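2 protein chains.
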Amino acid sequence: MKRRIVVVGANAAGAKAAAKARRINPRAEISVIDRGSFISYGACGIPYYVSDTVTDVKELMSTPVGVVRDANFFKKVKGVSVKTNTEVTGIDREAKVIRLREGAGAETSLPYDKLILATGSSPFVPKIENVGLKNILTVKSIEDAELLKESALSCSAACIVGGGLIGLETAEALRQKGMQVTLVEMRDQLLPGVLDPEVAAAVEKHVKQQGVTVLTGCAVTGFAGEGTVATVLVGDLEIKADLVVLAPGATPNVQLAREAGLAIGTTGAIAVDQMLRTSDPDIYACGDCCETTHLVTGKKVFVPLGSTANKQGRVAGINAAGGEATFAGIIGTSILKVFSFNAGKTGLTETEARANGFDVETVLSPAPDRAHFFPGAKPIMLKLVADRSTGRILGLQAAGEGAVDKRLDAAAAAITFKATAEQLSQLDLAYAPPYGAAMDNLIVAADIMKNKLSGHARGISAREVKRKLDEEEDFILLDVRSPAEHGEIGIEGAKLIPLGVLREKLEELPRDKEIVTFCKISLRGYEAQKILDAAGFTNVKFMDGGIMAWPYKFRDR
Amino acid sequence: MKRRIVVVGANAAGAKAAAKARRINPRAEISVIDRGSFISYGACGIPYYVSDTVTDVKELMSTPVGVVRDANFFKKVKGVSVKTNTEVTGIDREAKVIRLREGAGAETSLPYDKLILATGSSPFVPKIENVGLKNILTVKSIEDAELLKESALSCSAACIVGGGLIGLETAEALRQKGMQVTLVEMRDQLLPGVLDPEVAAAVEKHVKQQGVTVLTGCAVTGFAGEGTVATVLVGDLEIKADLVVLAPGATPNVQLAREAGLAIGTTGAIAVDQMLRTSDPDIYACGDCCETTHLVTGKKVFVPLGSTANKQGRVAGINAAGGEATFAGIIGTSILKVFSFNAGKTGLTETEARANGFDVETVLSPAPDRAHFFPGAKPIMLKLVADRSTGRILGLQAAGEGAVDKRLDAAAAAITFKATAEQLSQLDLAYAPPYGAAMDNLIVAADIMKNKLSGHARGISAREVKRKLDEEEDFILLDVRSPAEHGEIGIEGAKLIPLGVLREKLEELPRDKEIVTFCKISLRGYEAQKILDAAGFTNVKFMDGGIMAWPYKFRDR
Ligand SMILES: Cc1cc2nc3c(=O)[nH]c(=O)nc-3n(C[C@H](O)[C@H](O)[C@H](O)COP(=O)(O)OP(=O)(O)OC[C@H]3O[C@@H](n4cnc5c(N)ncnc54)[C@H](O)[C@@H]3O)c2cc1C
Ligand SMILES: Cc1cc2nc3c(=O)[nH]c(=O)nc-3n(C[C@H](O)[C@H](O)[C@H](O)COP(=O)(O)OP(=O)(O)OC[C@H]3O[C@@H](n4cnc5c(N)ncnc54)[C@H](O)[C@@H]3O)c2cc1C
Ligand SMILES: CC(C)(COP(=O)(O)OP(=O)(O)OC[C@H]1O[C@@H](n2cnc3c(N)ncnc32)[C@H](O)[C@@H]1OP(=O)(O)O)[C@@H](O)C(=O)NCCC(=O)NCCS
Ligand SMILES: CC(C)(COP(=O)(O)OP(=O)(O)OC[C@H]1O[C@@H](n2cnc3c(N)ncnc32)[C@H](O)[C@@H]1OP(=O)(O)O)[C@@H](O)C(=O)NCCC(=O)NCCS
Ligand SMILES: [Ca+2]
Ligand SMILES: [Ca+2]
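Line order of the protein sequences matches chains G and W.
Position 237, counted from 1, in the first sequence is what the working numbering calls 237; the numbers after and before it change by one each time, with no gaps.
The number in the working numbering is simply the position in the second sequence, starting from 1, with 557 added.
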């Protein structure tokens, strides 16, 4: 008998699973059911449709050669039958039958030999006062996109709830439509879970420069308005807004699975093994509805991304079709473009690494993204996180106007293979002036890490320096840049001795006091530390990332 | 007693070694000797100076904050003494003394405890007729750069000898100065040793479109002219040229080492171990003058690059200063921008892999470099090479107007860690529409490789298809694109059955004949193969890379 494969959900994971299952098993009967009317679309492209960067919504659901991926396409091209506007309402695992309902029609049933759950995720909607008012929207479906785009035309002040990837992308989109935009984030930084605070601070600075009002550490407590939203309530604070976008995160759609008695993991998403089998060996799950393993911590995580959904769909499709494939896990890579700023991470942030019990060393390395003399070179900042005892690289964050994606991808590969700082520093990366420096940013960051791990280099964070300054601790903050650089921008309270004359001016510095050196990026800061070390100074550190990583006010000129 | 470290050569490798040695050993006496008057400059930037992309030559020898790296800089900032215009003429290894001569002065000597050879490489100058004529130049030093830039102003027709990285960069530079440019390459493709022929063909096409005349498979036999070059002789062919640039490759400067009796490797460069020690344990070598190990083949290679020179300089500096560091080797990564085209490789090309005895499988995957709906998406072509028996990735080539460097760097990391196609396909790469597709080009290429290795996909090269067509073999070349695509551009002799109707039109195809399917990139070509396989056709393949990888003439419209 033909193998009957049923897939619930026809977006990234489900569509991929079905298409791949067909290629693996030409004889199987393959049905895909989706409750929506649009299928196989790029939700990731929605912010760009809202901002008119992408003009035709069809582009989000077309192949690269412009064919719309609708049910007919799936039938003719992919050889699978897709039913839209049809909700799967239950699974009878004993009988191996699902129940479904098309539109408002009666419930019918469909038998399966192998079932693939690709039910995805939904925007989390907080249960707060008046959250049901008109013009309080979410961003997930094509319908959402159309509504949001329409609303942007008639409204003037938007409030985004949530400072994660989608919140920020939406903030940009609405700003580009000419709206006034306020973004409210509950946690005390943007992109919590994606970036450490000092890296997130760089994103925040950029977003503010683009005219977005950012409120962090502020929880939205409710909304007010007559039928339509007019005000966002943040405790006592009232923010005027005729359009609200809720983007506080995604929740996996696990109702079907839960009701069918399938195991739900600790993350709240469907539990699966490496073959993406749920607790029922005839039922697979893939994409946003299931959890996966973080390959650095070994722990289960819920990281709903389109890249992962596609990879997992392929694996589930193969296995359901009778083949054999595994999905090992992820390392938490995420990336975001917001206005002209790029930011992302792979592996663990410092925060995550510490929370997972690692003894952590970190490096901040700001530098141009290509040869500094090459036109168009733009700064990027790397933050590298390593395990102190083994030197193993745990994570990389990258942020700036330059090419951060390249460094993230190379690091993602290295981290997957458990690279140490030593190994990272010796990677044979592609060098020519239009693409990087002779020693790529990643190589430099790894070298700094090696220096720190071996005790050659000693860093101190900007935050710690700020605290010392604020508490008027007795230490010397030593600016080793040129007088011209020092004159242009600086930190209040710093003493200037340019690196080039430091060897001759050692007498100006007390040997017993703590000295913190810095320059533009702290390359010269580090060299100053080495010079002072060599001269017998015993308590010298450089400030990680120098001026470029100083997130506080600069000295008044 | 203080350790005396002497470094011969003050460019990338030597300058790096000296600077690092100082940081490792504050007490050592460190002297660097260079016969040139410019030191620590970015030779890689010369083509961009010639083309006026970089306007001030000082930028090539300045730090990112604009300080010129001259002898004074090295003394004040790096704490090492540099002597320029001074040639090292010999090494007395017994006495541990080098002989040197400043300008036309008398020979003096300098004792060392540890010696570092960083003598670099020189442009290879072929011994052909009249190679000494005026206006026959090389590109290596700052003096060369100034001369070339000057000559470009007064000359009108340039001939570049050598179609490697430097030849191509120089061709672009001179073209941008408004010159007529002819490039002559002895081998039958551009970038031999860097790219396989079909990838090099894409570079050649682009370069020709920019108005450069390219002659491959042509050896320059001599020059003619009255004092100044006027004609380049290529056998019977005469090319008018009032400026010639010789760029047929680099030769390691090993004379000093050889005369001192140090072991020279099979590649002709200085032999070193992992600590970069020569056959004399008190003498190190680093940079262009020494050979290194290719980490994929395990063989010794000579690949003179600035990226490697810096990494090696650091290692030699540490070891000479009394520390301990190793340099494992390289994987042959190279990259080039020429006009608006990017091309490079990491690991082995197919040609190299076969020459090294690997049983090779290859994949050609052309696709946009980011989400196809994202503005600015540009095509790139990946060629992946794997070992058939183990699935291990041996190499990646990437070429196109889009971001090839990112894919090369991620692959470089993966190849270093001996990734298989399976592992490459599961890398958690950073995805958002501005940076890639949900399944990045690299992931897709790895999936195709898995399909080929497992027998699910069967490819055939454009070259093989061309041969079949030329020899009028009895097979069907099946275009599965849309009628519109087919109408716009196509291959003579192809039969059209769009993928969407293929399942219904199986009767139009004979089951016993060889069928080669294709589309724009051969994604649909592969799907057609799967459909025909499933229908019982027994001899179906798709043409690797489809129309995008077809290097021959298209059908007349
Ligand atoms: C605005 C936005 C931006 C994003 N940006 C990125 C990005 O830059 N990078 C990235 O990697 N990811 C991004 N994502 C995430 C990405 O879109 C998702 O990870 C991806 O869509 C997940 O695919 P999926 O198929 O698992 O689930 P979903 O896309 O959620 O699809 C699930 C499908 O199942 C159907 N379904 C659910 N339950 C039932 C049922 N009971 N019966 C029938 N049908 C059902 C739904 O109708 C839906 O079509 C973004 C998402 C959004 C919303
Ligand atoms: C046009 C051009 C473009 C390039 N583009 C790239 C690129 O895109 N990417 C890349 O990675 N690499 C590139 N390179 C290669 C890169 O420049 C070299 O790999 C790098 O310069 C090697 O550094 P080195 O210090 O080992 O040797 P060199 O740069 O050759 O320096 C050797 C030094 O030793 C001195 N010396 C030699 N013998 C003696 C002696 N007997 N006594 C005293 N001094 C001596 C010389 O004067 C010289 O200063 C390019 C090179 C050129 C010419
Ligand atoms: C497109 C979609 C339906 C999947 O369908 P699919 O048929 O598996 O995917 P594609 O059409 O991209 O690729 C088909 C096959 O061609 C192969 N292929 C791609 N390029 C090729 C080439 N040049 N030569 C040969 N084969 C090629 C791929 O490897 C894949 O085969 P495999 O899975 O058997 O290895 C699904 O990914 C989807 O719905 N995507 C849109 C939604 C989305 O991704 N959202 C998340 C981002 S917001
Ligand atoms: C510049 C040059 C002289 C080397 O000098 P150097 O002092 O070793 O190199 P840099 O000034 O770049 O970096 C100095 C140190 O700062 C460290 N550093 C860089 N950024 C840092 C930061 N933000 N914080 C702390 N340390 C930092 C580096 O790791 C390095 O230290 P290490 O080697 O001890 O690990 C040598 O590379 C050179 O001559 N380059 C020009 C020529 C060239 O590279 N040509 C090839 C390309 S064409
Ligand atoms: Ca170059
Ligand atoms: Ca996104």
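Note that the Cβ used here is the ideal one computed from N, Cα and C, for glycine as well.
Because the structure is a prediction, the values reported are computed rather than measured.
Amino acids of chain G, ordered along the chain, whose beta-carbon sits closer than 7 angstroms to that of Asn867 of chain W: Within 7 angstroms Cβ-Cβ: Ala438 and Met439.
C-alpha distance - Leu262 of chain G paired with Val88 of chain G, whole-angstrom precision: Going from the Cα of Leu262 of chain G to the Cα of Val88 of chain G covers about 16 angstroms.
Where does the unbroken beta strand (DSSP E) through Asp944 of chain W begin, and where does it stop? Start and end: Pro936 to Asp944.
Considering only heavy atoms of ligand 2, does any lie closer than 7 angstroms to the CB of Asp1113 of chain W? No, the Cβ of Asp1113 of chain W stays beyond 7 angstroms of every heavy atom of ligand 2.
Cβ contact check for the stretch 500-513 of chain G and the stretch 544-552 of chain G: 3 or more pairs under 8 angstroms: No: fewer than three Cβ pairs fall under 8 angstroms.
Below 7 angstroms, is the gap between the Cβ of Phe1075 of chain W and the nearest heavy atom of ligand 3? No; taking the cut-off as 7 angstroms, the Cβ of Phe1075 of chain W has no heavy atom of ligand 3 nearer than that.
Determine the contact status of Leu1066 of chain W and Ala1085 of chain W, defining contact as a CB-CB distance below 8 angstroms. At least 8 angstroms separates the beta-carbon of Leu1066 of chain W from that of Ala1085 of chain W.
Quick one: is the Cβ of Asp627 of chain W within less than 7 angstroms of any heavy atom of ligand 4? No.
Answer yes if the stretch 376-385 of chain G comes into contact with the stretch 927-943 of chain W, meaning at least three C-beta pairs across the two stretches below 8 angstroms, and no otherwise. Contact between the stretch 927-943 of chain W and the stretch 376-385 of chain G is absent, because fewer than three Cβ pairs lie under 8 angstroms.
Using 7 angstroms as the cut-off, classify the Cβ of Asn25 of chain G as near or not near the heavy atoms of ligand 3, replying yes or no. Flag unset: Cβ of Asn25 of chain G not near ligand 3.
Can you tell me whether Asn539 of chain G is helix, strand or coil according to DSSP? Three-state result, Asn539 of chain G: coil.
Inter-residue Cα distance where the pair is Leu722 of chain W and Gly9 of chain G: Counting only the Cα atoms, Gly9 of chain G lies some 50 angstroms from Leu722 of chain W.
With distances taken Cα to Cα, identify the nearest neighbour of Glu94 of chain G among G:Lys114, G:Gly79 and G:Lys83. Here the closest residue by C-alpha is G:Lys114.
Residues in the stretch 503-536 of chain G with C-beta within 9 angstroms of chain W's C-beta atoms, listed in sequence order? Within the stretch 503-536 of chain G, the residues whose Cβ lies closer than 9 angstroms to some Cβ of chain W are Arg503, Glu504, Cys519, Lys520, Ile521, Leu523, Arg524, Tyr526, Glu527, Lys530, Ile531, Asp533, Ala534 and Ala535, listed in chain order.
So, is Met1 of chain G buried or exposed, given that buried needs 16 or more other C-beta atoms within 10 angstroms? Burial call: exposed.
Cβ of Cys44 of chain G versus every heavy atom of ligand 2: is any distance shorter than 7 angstroms? The closest heavy atom of ligand 2 lies 7 angstroms or more from the beta carbon of Cys44 of chain G.
Helix, strand or coil for Gly45 of chain G, going by three-state DSSP, please let me know. It is helical.
So, is the C-beta of Thr349 of chain G closer than 8 angstroms to a C-beta in chain W? Not an interface residue.
Residues near Thr883 of chain W by beta carbon distance below 7 angstroms, same chain, minus five either side: The residues Gln831, Met832 and Val872, in chain order, have a CB closer than 7 angstroms to that of Thr883 of chain W in the same chain once the five nearest residues on each side in sequence are set aside.
Going along the chain, which residues of its own chain have a beta-carbon closer than 7 angstroms to the beta-carbon of Gly391 of chain G, five neighbours each way excluded? Contacts found: Thr420, Ala421, Glu422 and Leu453.
For Phe631 of chain W, which of helix, strand or coil comes out of DSSP? Helix.
Helix, strand or coil, according to DSSP, for Gln529 of chain G in the structure here? Correct three-state label for Gln529 of chain G: helix.
Would a C-beta distance cut-off of 8 angstroms place Cys289 of chain G and Pro252 of chain G closer than the cut-off? Taking 8 angstroms as the Cβ cut-off, Cys289 of chain G and Pro252 of chain G qualify as a contacting pair.
Going along chain G in order, which residues have a C-beta closer than 8 angstroms to the C-beta of Glu1042 of chain W? Chain G residues near Glu1042 of chain W: Val65.
For Thr850 of chain W, does the three-state DSSP call read helix, strand or coil? Collapsing the DSSP output to three states places Thr850 of chain W in a strand.
Residue-level contact to chain G via CB, Arg945 of chain W, 8 angstroms cutoff: Chain G, which has no Cβ nearer than 8 angstroms to the Cβ of Arg945 of chain W, makes this no.
Can you tell me whether Tyr552 of chain G is buried or exposed, with buried defined as 16 or more other CB within 10 angstroms of its CB? That one is exposed.
Interface partners of Pro368 of chain G on chain W, CB under 9 angstroms: By Cβ distance, chain W contributes Pro621.
Per DSSP, Gln397 of chain G is paired with what? According to DSSP, which records beta bridges pairwise, Gln397 of chain G is partnered with G:Lys345 and G:Lys383.
If you measure from the CB of Asn1008 of chain W, is any heavy atom of ligand 3 nearer than 7 angstroms? The answer is yes for Asn1008 of chain W.
If the cut is a Cβ gap below 8 angstroms, which residues of chain W does Glu488 of chain G touch? Chain W residues near Glu488 of chain G: none, gap ~11 angstroms exceeds 8 angstroms.
Through-space distance from Leu981 of chain W to Ile596 of chain W, alpha-carbon basis: One C-alpha to the other measures close to 41 angstroms.
Short CB-CB distance (under 8 angstroms) between Phe374 of chain G and chain W: Yes, contact with chain W.
Hey, would you say the C-beta of Lys140 of chain G is under 7 angstroms away from at least one heavy atom of ligand 1? It does: the Cβ of Lys140 of chain G is within 7 angstroms (strictly closer) of some heavy atom of ligand 1.
Taking only the alpha-carbon atoms, compute the straight-line gap between Glu586 of chain W and Val564 of chain W and give it to the nearest angstrom. Approximately 11 angstroms, taken between the alpha carbons.
Any beta-carbon of chain G closer than 8 angstroms to the one on Tyr598 of chain W? At least 8 angstroms separates the CB of Tyr598 of chain W from every CB of chain G.
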